[in-house]
Every structure is written in structure tokens, then in C-alpha cells.
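With the sequence shown counted from 1, adding 1068 to any position gets you this note's numbering. For each residue, glycine too, the CB sits at the ideal point set by N, CA and C. This structure is a prediction, so every number in the text was calculated from the model and none was measured. Reading through the C-alpha cells given below for one structure.
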Amino acid sequence: MLLGEVSGATLDPTITHMAYYKSLSSITVSDIESHGIAREDAATLHHGLAEIIETHGNGTPATWQHVSNSILNPELPFSFHQMLYYGCYKDYGSDPPAWIPDPESAALTNVWKLLERKGEEFLCSAYKDPITSFDDFQKFSVSNPEIYWKCVLDEMSISFSKPPECILRDSPSGESPLSHPSGQWLPGASINPAQNCLNVNGKRSLNDTVIIWRDEQLDDLPLQRMTLEELRDEVWLVAYALKSLGLEKGSAIAIDMPMNVKSVVIYLAIVLASYVVVSIADSFAASEISTRLKISKAKVIFTQDLIMRGDKSIPLYSRVVDAQSPMAVVIPTKGSEFSMKLRNGDVSWHDFLEKVNNLKGKEFIATEQPIETFTNILFSSGTTGDPKAIPWTNITPLKAAADAWCHMDVRKGDVVCWPTNLGWMMGPWLVYASLLNGASVALYIGSPLGSAFAKFVQDAKVTMLGVIPSIVRSWRSTNSTSGYDWSSIRCFGSTGEASNVDEYLWLMGRALYKPIIEYCGGTEIGGGFVCGSLLQAQSLAAFSTPAMCCSLFILDDEGLPIPQNVPGIGELALGPLMLGASNTLLNADHYGVYFKGMPLLNGKVLRRHGDVFERTARGYYHAHGRSDDTMNLGGIKVSSVEIERICNGVDSSILETAAIGVPPSGGGPELLTIAVVFKDSNSTKQDLHQLRMSFNSALQKKLNPLFRVSQVVTLPSLPRTASNKVMRRVLRQQLSETNQNSKI
């Protein structure tokens, strides 16, 4: 997706770490010096620490709040940060808060302002203040979706050409709620979400900046900026050019490009002109591009000739050609010249726009369509090996933007940066979450792993920075953020894969201990179902709340929900009524995938998600990976079957393989492990290192260049059920235990 499926957080290894650290009151000046800090500075730090302990105690959340705010800074060695964090919470137990809201900052948030005005109206005598009452407000949003959504859509200045008859109808007229469990949201409404992104309203004027960007290797040049007026002109022109192609209304148009200004303009223009975007990640091999084009029946594809990464040029157009795509509109990466000849029938970006240049600056009148009209087709791998084609409707962008409004507190004047791609849901999410909330999208056109990206975050004054843990791990290992000022960041967002406590403690420290909002959901949700809030204490690698209007249920061994607010672990199920969640799939039975076989609760069938979750005694949630045969690799959800199909053909000596995502013992993203059964069960001469390299080469060429096998293990046979299905979950558990024992 860098970011693909939305998922985050994992096991909390904090308690294990704490055994190795002294309590704060036991720390001496010499202990501080041992981290490479000069004695005079160590004495000053020790004095400040002693004053905080005297006022707030030896190990309380208030102690850590003052330590992180007044003692620690990015220039001090991270080992010193660790000593104070783990020392403070040595006797605290699980889920220690790494960040606590302070009323002064909280009073500036969207939700605080809303509750200050309407808290008593919503919650009556139960209302205390926005921080104390946030949990009650979340529950209110679940039981009163009509009130919540009307209020939030008004807060975001969402404009309907035809207003909805109501917010939620249990089911379409004449249908049973059990046959339509997701409900019918905003029935009768008409809207165009791209038009809403371009509207002038109380959140912005024509002169406001809406996109900020910088190209890789131009890091010492000023930032480039686009105003709302300039964005409107660009989008309108592309919309006119699309209409000139004579496509039928609702035709599918693919985008296979890096996330840059042109791809954002094209995305908005397709939706504005009432076509449907087909999202394809620019990292995909030709076969994966072809599969998505065929499923979506795309009529046109937008792409680039090359992708530039530093001094390297990566072919993209040639992959689109190999995928036997329909007509391609090809954008040159540099200047106006191509490095190759275009295929017959394909057109250059220049020629595509040339025929409508006389319309430049003329407003394109958007076609407002019924709320259930498709706007985007995205893909999520399923356990069959085929990608599920998930349509986003006109409603889905509202869910994405509302999550950002409530949980990440995105608001007018913010600068939102999240390294991603339009091929993954976080690409469209970033566009809508920013523009529908009056914020600017910040795009770095290049790799986010180096110091140049860190400089971009500083120069653009990013206020909300989205990450995945593997990016954070790279920053930490190379110290690429050193020397850059990230004080403008108000919060981080994290999604895509499981988090690691130490890495995220480090990340918070880069921005003077701003909170990390974990965010987990899915393409089919249009956003998150569990996350954090700036009105709640945030614990590292943990979620503090269900998303607004979402209810979570952890299933016991019998497949039934355990009581809410009771600690437990099991497969997660969701309440079925979520605005923006999918209610159809293009190439699979939606009811069969998400609802069939799920338990009923209060007359409503719960929605399957597929992750194993834990609810802790302190009310936080931890993700424990997939419960089915799909894994999450570097933020990209992929089925075991897809990987095994390729690995089985790597070497003629292989009988079969099983692909498993195994969480590392210290927490963090899943590591791809391949279990191999050889045809000759007595074979002991195989070079497993060479086999791992062969697997990597094949997977990166045929499936995705971001995938990497971490471990190859041999087995005499694979564990199977009575019906001969491979029990990957058993393998995953065995390998996890083996890794844990080897570390011990």
C-alpha cells in the first residue's frame, strides 16, 4: 500500500521489557550517563526526573506524561527514552498509556467542540465532559446512527443534490433485514463525492492550498503547491477529456500509477464524470494487472511509462502492455518524451488533453448519481486465491472522511501525509479524508524510507502522518529522521500491519511524544472498525475504542459472542450496520463471504471479519492476526493459495508447500514462512537458503516485488483436516511457539 488492508496493533511485549529496567526512583546519574549522556547533562536530567517523581509518584501515567513532555526530546539517545518509559511502568501491568490527552489540546479537537455544544443533548444527565464521556458517546453513535450521522455530515459540510429520505432503513422496501443485513443507508439521496472535494464552503476558499508535493531528488527546492482553484481546473479538464472518449455512463476506468498529483486529479475526474475507478497498485506484475482488468471490465487505463526511484527506472507501461490492457493513456515520467514507442491505440497524456484544451477553465457540471452508485472498484485477496472485487459506492467516501474527522481529528488547515497508492484503499481514503475535511494532501513522489522523506514532512509542516510499522522500522534502523523537526505533527495514524511497542515508542519520540492512532478495518469497510481517539489515553500497539457507529463482538470457542466489555480472545465479528461497508462483491457471493454461518444477536446476523482479537482487562483491543488462510505482508493482504501456487513450481523436487504468516516473538508484522514437503521424504541435501532465494525471486517477479520469504522449514507432511484441507492455523501456531522457544 504501501498500505493495503487496514489493520494494526499486536501482542504487547511491554511487560517482558519492564523486568530489565529499574524503577524511576532507582535511576542514578551514572545510569543516565551510561547512555552516552555527558555527566553535567545527566545531572540536570536526573534533577528534573526527581522533581516529577516527587510531584506525581514513581510510576503513574501522570509521571510518564510529564517525563515525555518535559525531559525527553529526539536528540537524547533512544535507550534513555526506553529506560524512562519501561522504568515508569515497571509495576503497572498491561496496556500502559504512552499518551494522555490534556484538556487544553483536546479542547481544539473536532469531537470536543461537538460534545461541548451537544453532549448534554446526546447523553442527557450522563454527560460529564468530552474526555470522561467519550466512551458513552461512541455507544450513543451505535444506538443512534440517525442522530450521529446527520450531525457529522453537517460538520463536514457534505452537500447532497438530493437529500436522503432518512439516515438508515433496516432493509430496502419489501426485503427482509436478514437478507439485507447491512441495512440501507441514506436512501433516496444523490451525491457526487468528487464534487464535494472541489466545493467552496466554510472549510476553504479557492485560494487555499489543497495539495503539497515534492519530487524525489529535488529535496532542496521549494515545495510545490496546488490551490483549490487550480485543482478544480485540472480535474474539470480531465473530466471533459474522459467524456470525449464516448464511454457509457458507469464505465470502469483503471489507474495504475504512483500516488502523485496527476493520479489524484485523474481519480477525482473519473468520479466527477460518473465513471468508476479501478484501483491497481503500481507494484503489481502483469498477471495481477490483467486479472483486475478482466474482473472489472475496464475500458481504459491510465499509467506512466516508468516509475523513478532514485537513479533507478522501473518499467510500468510495459507491464500494462503485457497485461493486454484496453486503451492506455500514458503519462511521461519526465518532460513530454517517452522512452519507448506506444502501442497502437494508446495515447499520450498530451494528446488525450489536447482535444479539449479549448475547455480549460470551464466548469464541468458533475452528474449527481444515486447514493448506491459505484465509484471505485478495489481488490482484496481472499482465501480462494482470487482477489475479491469490492465496489465502493458514493457512500464509502463519507465513512473514510468521517473516520478522519473523528479519530484522527483532521480539520481545516491540516496537512495529511500517508505514503500509499491508489491501488490500496488508503489511497482513496487519503484523498477523501483530507479534501472532504478542508485539509491538504501531502505527497512525496519517491521512496518514503530515507531522510529526504523526513525532510519533506518537516518542510510541509505535516500535522497528521500515516505510517505502517515496516516504514517505521526502516526509519529507526537508519536513523533517517535525525535532525528534522517534526513538531508540527499533531498525531500519527498507523495501519496495514501489526505494530511493535519499541518501534512506536521511538516514533512518538520523534515528534515530542504525539499520539499514535492505531486504525484497523478493511477495503470492504471503507475505513476502520476499531481505532483510537485524541480524547482517550493511547497505549502502544493497541486500540482504545471501536470506531464510531461500530460494534465489536469477540466470539468464543462455540462461535458465540462473549459479553461486551468482558476480557477475552477469539475471532472478531462486527455489528452489521456500518455506513459505507460493502453490500456486494463483483466476483463472489457477498452474503456467503461475510454473513453465512455467523451468529444472530438481537435479531441481526453479525458480520464476519476474519481477525483474531483480544479485549484486555483495561478495555484496549489487540489484534492477533488472521483467523483464516489469508495473511498480511507489509500491509498487503494476500492469500496463502496465491503464494503456494508460485512456490510449488519453483523446484521439481517440491511436492507441496504451505505459506504461513508468523508473528515474530517480540511483536510486529507477520513474517512469511514457507513449509515445504519434498517428493523424496528422505531428502536432506536441499539448500534451504538457496530455496528461499528462489522463492523470493519467483514471488517478486510473478506476484509482488514487496514480498519476501523470511524462513523455509521442511516437513514430512502437512497437517490436514478429515476433508483434506491444509490446517495452516495449526502450522502457524507451531511455528510461533518454535520461534518463541528458540528466542527464550
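Residue pairing by DSSP places alanine 1457 opposite Phe1447 in a beta bridge. Inside the stretch 1284-1331, DSSP marks whole alpha helix (DSSP H) runs of 4 or more residues at positions 1296-1311, from first to last along the chain.
The three-state secondary structure of methionine 1699, taken from DSSP, is strand. Each residue's CA atom was taken as its position, placing methionine 1395 and glutamate 1565 some 35 angstroms apart. Leucine 1602 places its beta carbon less than 8 angstroms from that of aspartate 1477.
Leaving aside the five residues that flank asparagine 1126 on each side, the residues in its chain whose CB is nearer than 7 angstroms to its CB run, in chain order, Ser1091, Leu1092 and Ser1093. Shortest Cα-Cα distance from glutamine 1606 to any of Ala1166, Gly1687, Val1709 and Leu1410 involves Ala1166. When Cβ pairs closer than 8 angstroms are counted between the two stretches, the stretch 1291-1310 is seen to touch the stretch 1329-1339, the count reaching three or more.
Relative to serine 1136, the option among Cys1156, Glu1122 and Thr1123 whose CA is nearest is Cys1156.
For valine 1569, DSSP assigns no beta-bridge partner whatsoever. For serine 1211, the three-state secondary structure derived from DSSP is helix.
Counting the other CB atoms within 10 Å of its CB gives cysteine 1599 a total of 16 or more, which places it among the buried residues. The C-alpha of proline 1614 lies about 16 angstroms from the C-alpha of glycine 1636.
The DSSP-derived three-state label of phenylalanine 1763 is helix.
Following the DSSP letters along the chain, one finds histidine 1677 in no alpha helix (DSSP H) but inside the beta strand (DSSP E) bounded by residues 1675-1683.
Taking the C-beta atoms as reference points, proline 1261 is found nearer than 8 angstroms to asparagine 1462.
Scanning Leu1759, His1692, Phe1621 and Val1745 for the CA closest to the CA of arginine 1797 turns up His1692.
For lysine 1186, the secondary structure class from DSSP, reduced to helix, strand or coil, is helix.
In the structure shown, the three-state DSSP call for tyrosine 1689 is strand. Cβ-Cβ distances below 6 angstroms link phenylalanine 1406 to Asp1373 and Pro1400 in the same chain, with the five nearest sequence neighbours on each side left out; the list follows chain order.
In this structure, phenylalanine 1208 and leucine 1191 form a Cβ contact; the two beta carbons are roughly 6 angstroms apart against a cut-off of 8 angstroms. Closest option to proline 1732, judged by alpha-carbon separation, among Ile1714, Phe1663 and Gln1802: Gln1802. Between the stretch 1622-1639 and the stretch 1650-1662, the count of C-beta pairs closer than 8 angstroms stays below three; the two stretches do not touch. Glycine 1643 counts as buried, since no fewer than 16 other beta carbons sit within 10 angstroms of its beta carbon. At the C-beta level, serine 1239 and glycine 1256 stay beyond 8 angstroms of one another. For valine 1344, the secondary structure class from DSSP, reduced to helix, strand or coil, is strand.
Put simply, of Ala1194, Asn1267 and Gln1768 the residue whose alpha carbon is nearest the alpha carbon of tyrosine 1500 is Asn1267.
Judged by pairs of C-beta atoms under 8 angstroms, the stretch 1579-1590 does not touch the stretch 1752-1763, as fewer than three such pairs exist. The beta-bridge partner set that DSSP reports for phenylalanine 1205 is empty. Straight through space, the alpha carbons of alanine 1194 and alanine 1349 are spaced by roughly 47 angstroms. Exposed is the label assigned to asparagine 1425, since fewer than 16 other Cβ atoms lie within 10 Å of its Cβ.
Looking only at Leu1254, Ile1357 and Arg1713, the smallest Cα-Cα distance to threonine 1371 is reached by Ile1357. Scanning its chain for C-beta atoms nearer than 6 angstroms, with the 5 sequence neighbours on each side dropped, one finds around methionine 1376 the residues Thr1401, in chain order.
A residue is called buried once 16 or more other Cβ atoms fall within 10 Å of its Cβ, and methionine 1327 is buried on that count. The alpha-carbon of histidine 1134 is positioned some 14 angstroms away from that of methionine 1576. Contact check between the stretch 1427-1437 and the stretch 1339-1348: three or more CB pairs, one atom from each, fall below 8 angstroms, which counts as touching.
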